[in-house]
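Participant:
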């Protein structure tokens, strides 16, 4: 299965989500996992490098690919249980190439105006891509949500905005928690640092919501 | 502030032209140049921004306007008067003691006289022996 974590907005938590999903599949599912780092910032590659120094953590492989990577991804997908593609925050060749072969596309967005303003372009790109990749399931994920109860409405409104474009929005969200940042330092994840913690529960909820989705084979989003 | 104004306002589905997977992928390069061919908002042309020449012309106009406005808003301008040697020496001394510019002292004096009522002004002028 190939999961693309991408989008046009920087800083929305793409690498964080990709890394934690990779750990979930490697640890909780005992799967053979490859991360594909398409971001020249190499956030995920650096994370894997740090992770590989700790033999107690389940191994995750990582490769850097840039540009027209469609055929490379198709080939890699045959050898791994899960290929998680982490694309940087812009519309580029690698993002579209990965989108054209991915089973799932996850687009993390913060409940902020500047993030939500990228939704129209993403919806257009996803709808266009669906015509050539009918199996693709696309979802927005609301990330880094404010924990204050007075701000809860922002999360609901952000979901409404995304849903108005006809793209699925995951019920599961992530909240703004320091543990996401702290866990990344040693190549670890929230699932390993605090397995019973709230952040780990958020990641499990996202992963299980993706896995529970029915396969699709349509040239349009329903 | 609510986020709901960002919801999709109306469905303006336009039929996309036929394209291949490779064309879809390569269109990212057109998008990066600001000239998307396949993936563009609802098939609509994106609003045109300024071209390079227009941007330079507008900047030049704004610089000229700014300079003009600065000139028009300048609070002071040069004025030349003839004074006696004594008046010059007194003004120099006043400036030294008060640590004020000579033109500043002249402006204070003018203000003081100009604001008094006409009768007082006249009396002061008549009493003056200054040549």
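Residue numbers (my numbering), protein chains in the order written: chain S, 14 to 235; chain G, -18 to 112.
Note that the Cβ used here is the ideal one computed from N, Cα and C, for glycine as well.
What you are looking at is a predicted structure, and each value in this text was computed from that prediction instead of being measured.
So what does DSSP say about residue 121(S), is it helix, strand or coil?
Facilitator: Strand, per DSSP.
Participant: Who does residue 47(S) pair with in a DSSP beta bridge?
Facilitator: Paired residues: 74(S), 96(S).
Participant: Can you tell which of 94(S), 89(S), 190(S) has its C-alpha closest to the C-alpha of residue 214(S)?
Facilitator: The option with the nearest alpha carbon to residue 214(S) is 190(S).
Participant: Helix, strand or coil: which one does DSSP assign to residue 62(G)?
Facilitator: Residue 62(G): coil per DSSP, three-state reduction.
Participant: Where does residue 198(S) land, buried or exposed, given buried means 16+ other C-beta within 10 angstroms?
Facilitator: Burial call: exposed.
Participant: Return no unless some Cβ of chain G is closer than 8 Å to the Cβ of residue 213(S).
Facilitator: Residue 213(S) does not count as touching chain G.
Participant: Can you tell me where the alpha helix (DSSP H) with residue 112(S) in it begins and where it stops?
Facilitator: Note, residue 112(S): alpha helix (DSSP H), 106 to 112.
Participant: Considering only their Cβ atoms, is the gap separating residue 98(S) from residue 115(S) smaller than 8 Å?
Facilitator: In contact: residue 115(S) and residue 98(S) (Cβ atoms closer than 8 Å).
Participant: Taking one C-beta from the region 102 to 110 of chain S and one from the region 80 to 89 of chain S each time, how about it: are there three or more such pairs within less than 8 Å?
Facilitator: Flag = yes, the region 102 to 110 of chain S and the region 80 to 89 of chain S touch.
Participant: Could you compute how far the alpha carbon of residue 93(S) sits from the alpha carbon of residue 30(G)?
Facilitator: Rounded to whole angstroms, residue 93(S) to residue 30(G) spans 46 Å at the Cα level.
Participant: If you compare alpha carbons, which of 235(S), 231(S), 234(S), 226(S) is closest to residue 9(S)?
Facilitator: Since the first residue of chain S shown is 14 and the last is 235, residue 9(S) is not available in this structure.
Participant: CB-CB under 7 Å to residue 66(G), same chain, minus the five flanking residues each way: which ones, in chain order?
Facilitator: Closer than 7 Å at the Cβ level, and outside the excluded window around residue 66(G), lies no residue.
Participant: Out of curiosity, what's the CA-to-CA distance linking residue 47(S) and residue 159(S)?
Facilitator: Roughly 31 Å between the two C-alpha positions.
Participant: Would you decide whether residue 127(S) is buried or exposed? Buried here means 16 or more other CB atoms lie within 10 Å of its CB.
Facilitator: Exposed is the call here.
Participant: Shorter than 8 Å from the beta carbon of residue 149(S) to some beta carbon of chain G?
Facilitator: It does not: the Cβ of residue 149(S) has no partner Cβ on chain G nearer than 8 Å.
Participant: Please look up how many angstroms separate the CB atoms of residue 106(S) and residue 10(G), rounded, as I've assumed it's under 8 Å.
Facilitator: About 7 Å; that satisfies the 8 Å criterion.
Participant: Residues of chain S with CB closer than 7 Å to the CB of residue 37(G), please, in chain order.
Facilitator: What residue 37(G) touches in chain S: nothing, since even the nearest Cβ is about 27 Å away.
Participant: By how many angstroms is the C-alpha of residue 40(S) removed from the C-alpha of residue 88(S)?
Facilitator: Using only the alpha carbons, I get a separation of about 24 Å.
Participant: Just checking, does the region 45 to 62 of chain S make contact with the region 176 to 190 of chain S on the three C-beta pairs under 8 Å criterion?
Facilitator: The answer is no - the region 176 to 190 of chain S does not touch the region 45 to 62 of chain S, with fewer than three Cβ pairs under 8 Å.
Participant: Can you give the beta carbon distance from residue 26(S) to residue 121(S), rounded, assuming they're within the 8 Å contact cut?
Facilitator: Confirmed, Cβ separation roughly 5 Å.
Participant: So, helix, strand or coil for residue 57(G), using DSSP?
Facilitator: Three-state DSSP puts residue 57(G) in coil, outside helix and strand.
Participant: Does the pairing of the region 38 to 54 of chain G with the region 167 to 179 of chain S give three or more beta-carbon distances under 8 Å?
Facilitator: With a cut-off of 8 Å, the region 167 to 179 of chain S and the region 38 to 54 of chain G do not count as touching, because too few Cβ pairs lie within range.
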